[in-house]
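Just so you know, UniProt numbering puts 329 at position 329 of the sequence shown, and the rest follows in order with no gaps.
Ideal Cβ positions, reconstructed from N, Cα and C, are used throughout, including at glycine.
The structure under discussion appears below in the form of C-alpha cells.
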Amino acid sequence: MLLSSAILISLLSITLFVNCHPVVVDALAEEKLQNILNTQSVEADSTIISGVVSELIDTTAGDTKCQACINRLLIGKALVLTRPDLIAPAFTRWCVESKYSSNNTCYQNYGISSVNGSSEGSNFADLLSLMDPTGYDGHSYCYFRDYNQCPKPATPNVTISHLLPPKKPENMVAPEPGTEGTFNVLHVSDIHIELDYTVGGEANCTDSLCCTPQSVKKSKLDSSSPYEGHWNSYYDSYYKENGTFVKGPYVDVFNGSVSWTPAASFGYYHCDPPERLINSTLNSIVNYSQKKNLSFEFTIFTGDMLSHDLGKRMSYESTMESEIRVMSDLKAKLGAKPVYSVLGNHDSYPYAEMAPEKYGFFNKFSSNLEMMSNMWEDFGWLNPGQAQQARTHYSGYAVETTLGLKVISLNSNTWYTTNTYNYINTTAPDNFGQFQFLIDELIASENKKQRVWIVAHVPPALGGLPVPANIFAEIVERFSPSTIAGIFFGHTHRDQFEILYAGSGNDTRTFQNVLNMAYIAPSITPWNDVNPAWRYYEVDKKTFSIMDMHTFYTPLNETFVNKGDEPSWEYEYSARKVYNISWPTTSPLNGSYWHYVADKMKTSVGMRQLFRSFYSRLSPSVSNCLHSNACDNDYCMVTSFTDDEYDRCIAGVSSKA
Numbered sequence: 001m002l003l004s005s006a007i008l009i010s011l012l013s014i015t016l017f018v019n020c021h022p023v024v025v026d027a028l029a030e031e032k033l034q035n036i037l038n039t040q041s042v043e044a045d046s047t048i049i050s051g052v053v054s055e056l057i058d059t060t061a062g063d064t065k066c067q068a069c070i071n072r073l074l075i076g077k078a079l080v081l082t083r084p085d086l087i088a089p090a091f092t093r094w095c096v097e098s099k100y101s102s103n104n105t106c107y108q109n110y111g112i113s114s115v116n117g118s119s120e121g122s123n124f125a126d127l128l129s130l131m132d133p134t135g136y137d138g139h140s141y142c143y144f145r146d147y148n149q150c151p152k153p154a155t156p157n158v159t160i161s162h163l164l165p166p167k168k169p170e171n172m173v174a175p176e177p178g179t180e181g182t183f184n185v186l187h188v189s190d191i192h193i194e195l196d197y198t199v200g201g202e203a204n205c206t207d208s209l210c211c212t213p214q215s216v217k218k219s220k221l222d223s224s225s226p227y228e229g230h231w232n233s234y235y236d237s238y239y240k241e242n243g244t245f246v247k248g249p250y251v252d253v254f255n256g257s258v259s260w261t262p263a264a265s266f267g268y269y270h271c272d273p274p275e276r277l278i279n280s281t282l283n284s285i286v287n288y289s290q291k292k293n294l295s296f297e298f299t300i301f302t303g304d305m306l307s308h309d310l311g312k313r314m315s316y317e318s319t320m321e322s323e324i325r326v327m328s329d330l331k332a333k334l335g336a337k338p339v340y341s342v343l344g345n346h347d348s349y350p351y352a353e354m355a356p357e358k359y360g361f362f363n364k365f366s367s368n369l370e371m372m373s374n375m376w377e378d379f380g381w382l383n384p385g386q387a388q389q390a391r392t393h394y395s396g397y398a399v400e401t402t403l404g405l406k407v408i409s410l411n412s413n414t415w416y417t418t419n420t421y422n423y424i425n426t427t428a429p430d431n432f433g434q435f436q437f438l439i440d441e442l443i444a445s446e447n448k449k450q451r452v453w454i455v456a457h458v459p460p461a462l463g464g465l466p467v468p469a470n471i472f473a474e475i476v477e478r479f480s481p482s483t484i485a486g487i488f489f490g491h492t493h494r495d496q497f498e499i500l501y502a503g504s505g506n507d508t509r510t511f512q513n514v515l516n517m518a519y520i521a522p523s524i525t526p527w528n529d530v531n532p533a534w535r536y537y538e539v540d541k542k543t544f545s546i547m548d549m550h551t552f553y554t555p556l557n558e559t560f561v562n563k564g565d566e567p568s569w570e571y572e573y574s575a576r577k578v579y580n581i582s583w584p585t586t587s588p589l590n591g592s593y594w595h596y597v598a599d600k601m602k603t604s605v606g607m608r609q610l611f612r613s614f615y616s617r618l619s620p621s622v623s624n625c626l627h628s629n630a631c632d633n634d635y636c637m638v639t640s641f642t643d644d645e646y647d648r649c650i651a652g653v654s655s656k657a
C-alpha cells in the first residue's frame, strides 16, 4: 500500500510532498496553516489526532511490517513539521489502540515526559523532524529500535581514516611488561539502586521491576506463599556509616501477605539491589583489601546507577537521588582514591537519551551532565579542567593518573541502539564529535609513548549501532597494540570479554590477527538471574597491561535462608589460572591470551560451561551447555567486537551446520 497523506493534508490545510527528501511546505500553505494554528482549539486538536491515529492504523493494511514501519515514520515526519506537540498524544494513542505494544511500553516510547515520569515522546518528535524515513535512518530505526520490523539494513562503508595519522612501525608492537611489579585497580559496574525496594514485596512479579510496593503477579495468591516456612531472611536491616551491620527487627511478610515470592532482605534475581546490598558489596571490597593488605590505585565504574523500573515510575527527582546515592556510597566506602566513572544507558532522563549538540536538543540533557561533572569534581575524582571537559563532551573526559596512565571516559549512549537521536543522519561517522575527541587524546598519548585505558558502558557488539561500532573498532585498530593498553565496559550484567581481530570474516579470527580485547564487568545488581560481583585487576606498572583479574561474588540465594545475616562474599576465580591456558607468567592477559581461551570454547563444551558459570557467577540459572543450545553462540559472542562481526560469525557457523 502506498502511503496516502490525504487525511493529514485535509486536516492541516497544507500541501505536503513526502518521500525520501524533507517534506516541502509551500509558503502560501504555511501561512494558511499558521492562521489555523493561531486559533487552534482543543477540539480541533482532538480531530487531528484522531485522523493521524486512523492513518497510522491503516499502515498495517496490506503492507509488510517493514513498509508499515516506514509509513508510520513518514506520517510522523509530515505531522512534526507542523504540529510537533501532537506527535506524543497521536503515537501513544495509536500504539495503545492498535495493541502494538503493552500500555507501559507505549507510554515509555511515545508518551509526554514530565518531572514525574520519564517518557520519550518529545525525543521521538525531535527524531522525526530531522531523520530520513525511507533511507538508512528509517530502516535502521525499524530494525534496531522498533522490534525488527525491517530486516537489518546493509551497513554503509563509513570510515574516519582521513582523521587517523599513518601508523609508524614502532606502533605495531606492544611494550613488554617491566620488572617494577604491579598495582591494583578496582572495577565495579551496573549498580542499579532500587530506591523503593521493599522487604516482602513481590519478587516474582509480572509487571515491571519486582520487589517494589507496586510489584504484582497476575495470578492471585489463594493461600499462603509457597516459601512460608522455608525462607526466613526478612529483616529491616541496614548499615551504619562506619560499616557496622544492624540486622534490625523481623518483618512478618507472611502475615496477610499477597506476595507469591516475598522479597528477602538483600535482594532477588528479578530485582535491582536495595542499598543494603550495595553497602554489603562495598564493605566486602574494603574488608578484603584490609585483610590482604592491598590497596587500589583507583577505581573504574562503568555505569548504570538507576533501576530498571518503568519510566512512568522514574521521576526526575528519583533519577537525581539515585545518582547522588550511588556516587556518595562509592565515595564514602572507597575513600580518597579516585573513581573514574562513566554514564550508562540508564543514567539519563529520559532513559538512554542523549542528543548531539549540533542538532539543537542538547539542552534537554545538560543539567544531568552538569550535576554529575560537579559531583566528580567535588569528590576530588576530577580536577576543574577535567570536570569542564566532561560537561562539554557528553560526560567524556581524559585523566592522567599519578602513575602516568591516561584513562579516557566515553559516553556510550552516543552509539547505543536505544538512543532515539542516534537515528538522525545515521551514515555520518561522528555526529557527537566524540570520536574526534578520542582520536585527539590517543594521538597526543601516542606521540609521547603514553599508554591509555578506554572506559565506557555499552560494548559496541552488544548494543551498539553498526556504523559507530565500526568506527570505534577502526580507531582501536589504529592505536593498538602500542597505545591502547585496556578497554573496559559494563552493561550486560554478565562476566564477558570481546576480542578485536584485524580484517573481517570468520577466517580472520586467528592468533596472528589479534589486535586488542575488552573486559566486560559483572554487575552488582542481581537483575536478571545473576549473582552480584566485583573484581580487581593486577596491572603492570610499566605498560599498564592486565596481568591478572580476580572476581568475587555472593551467592544471593543463600541470603534467602540465612535468618537475615549478611551475605557471604567469596573469591570466584583468577583469570590467569582458571582457564588452564599455557601462558608465560611474565606475559599480560591481552587479546592473544583471550584468543586461546576463545579457541578452546569453540571446540570444548566443558570450556563453554566454565565460561557460562562465571558469566552469571554460579547463580541458580547457569545454562547447561551439554544439554541445551544456550551456549552455542558463545564463541561468536567473545570473538566479535561489533554487531556486524557477530552476524557474520553466526552466519558462518550456520552455513556449516
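Original post:
Cα separation between Y537 and V622?
Top reply: 25 Å
Subject >> Segment contact, 8 Å Cβ cut-off, at least three pairs: the segment 446-466 with the segment 402-419 >> reply: yes
Subject >> the segment 494-508 / the segment 309-318 touching (three or more Cβ pairs under 8 Å) >> reply: no
Original post:
Of the choices S616, A125 and S161, whose alpha-carbon is the least far from that of A355?
Top reply: A125
Original post:
Of the residues R478, D647, Q388 and V80, which one's Cα is nearest the Cα of H162?
Top reply: R478
**OP:** Would you be able to state if there are at least three C-beta pairs under 8 Å between the segment 546-565 and the segment 462-471?
**Re:** no
Original post:
Are the beta-carbon atoms of Y340 and V286 separated by less than 8 Å?
Top reply: no
**OP:** Flag this pair as yes or no: are the beta carbons of P588 and A518 separated by less than 8 Å?
**Re:** no
**OP:** Quick one: using the 10 Å Cβ neighbour count with 16 as the cut-off for buried, is N383 buried or exposed?
**Re:** exposed
Original post:
W381 and A390: beta carbons closer than 8 Å?
Top reply: no
Original post:
Is the distance from the Cβ of T281 to the Cβ of I524 below 8 Å?
Top reply: yes
Original post:
By how many angstroms is the C-alpha of M305 removed from the C-alpha of R535?
Top reply: 18 Å
Original post:
Would a C-beta distance cut-off of 8 Å place Q434 and T414 closer than the cut-off?
Top reply: yes
Original post:
Going straight from the alpha carbon of W583 to that of E176, what length do you get?
Top reply: 15 Å
Subject >> Classification of D440 by the beta-carbon crowding that lies within 10 angstroms, buried from 16 upward >> reply: exposed
Original post:
Is the beta carbon of S129 sitting closer than 8 Å to the one on L79?
Top reply: no
Original post:
Smallest Cα separation from A502: which of L186, Q108, S640 and E97?
Top reply: S640
Original post:
For A78, which of helix, strand or coil comes out of DSSP?
Top reply: helix
Original post:
Could you give the distance in angstroms between the alpha-carbon of P522 and the alpha-carbon of S616?
Top reply: 8 Å
**OP:** Keeping to the same chain, check which residues put their C-beta closer than 7 Å to that of K541; ignore five residues upstream and five downstream.
**Re:** G178, E180, G181, T182, F183 and L403
Subject >> Residue of N171, W569, Y143 and T212 minimising C-alpha distance to Y197 >> reply: T212
Original post:
Y288 to V188, Cα distance in whole Å?
Top reply: 15 Å
Subject >> Own chain partners of Y397 with C-beta closer than 6 Å, once the 5 adjacent residues on each side are dropped >> reply: Q386, Q389, A390 and S409
Original post:
Three or more C-beta pairs closer than 8 Å, one from the segment 133-140 and one from the segment 101-121: is that the case here?
Top reply: no
Original post:
So, is V638 buried or exposed, given that buried needs 16 or more other C-beta atoms within 10 angstroms?
Top reply: buried
Subject >> Three CB pairs or more closer than 8 Å across the segment 353-369 and the segment 332-339 >> reply: no
Subject >> Segment limits, beta strand (DSSP E) that includes V188 >> reply: T182 to V188
**OP:** Please classify H595: does DSSP put it in a helix, a strand, or coil?
**Re:** helix
Original post:
Under 8 Å between the Cβ atoms of Y423 and L86?
Top reply: no
**OP:** Using three-state DSSP, classify E176 as helix, strand or coil.
**Re:** coil
**OP:** Take K487 as the anchor and find which of G464, N516, T508 and A461 has the nearest alpha-carbon.
**Re:** According to the sequence displayed, residue 487 carries Ile and not Lys. The option with the nearest alpha carbon to I487 is N516.
**OP:** Please classify Y573: does DSSP put it in a helix, a strand, or coil?
**Re:** strand
**OP:** Drop a sphere of 10 angstroms on the beta-carbon of F489, count the other beta-carbons inside from all chains shown, and report buried for 16 or more, exposed for fewer.
**Re:** buried
**OP:** Can you have a look at S272 and say buried or exposed, based on whether 16 or more other CB atoms are within 10 angstroms of its CB?
**Re:** The residue asked about is misnamed: residue 272 is Asp in this sequence, not Ser. Result: buried.
**OP:** Pick out whichever of T105, A90 and M372 has its Cα sitting closest to the Cα of Y147.
**Re:** T105
Subject >> Reduced DSSP secondary structure (H/G/I, E/B, other) of K331 >> reply: helix
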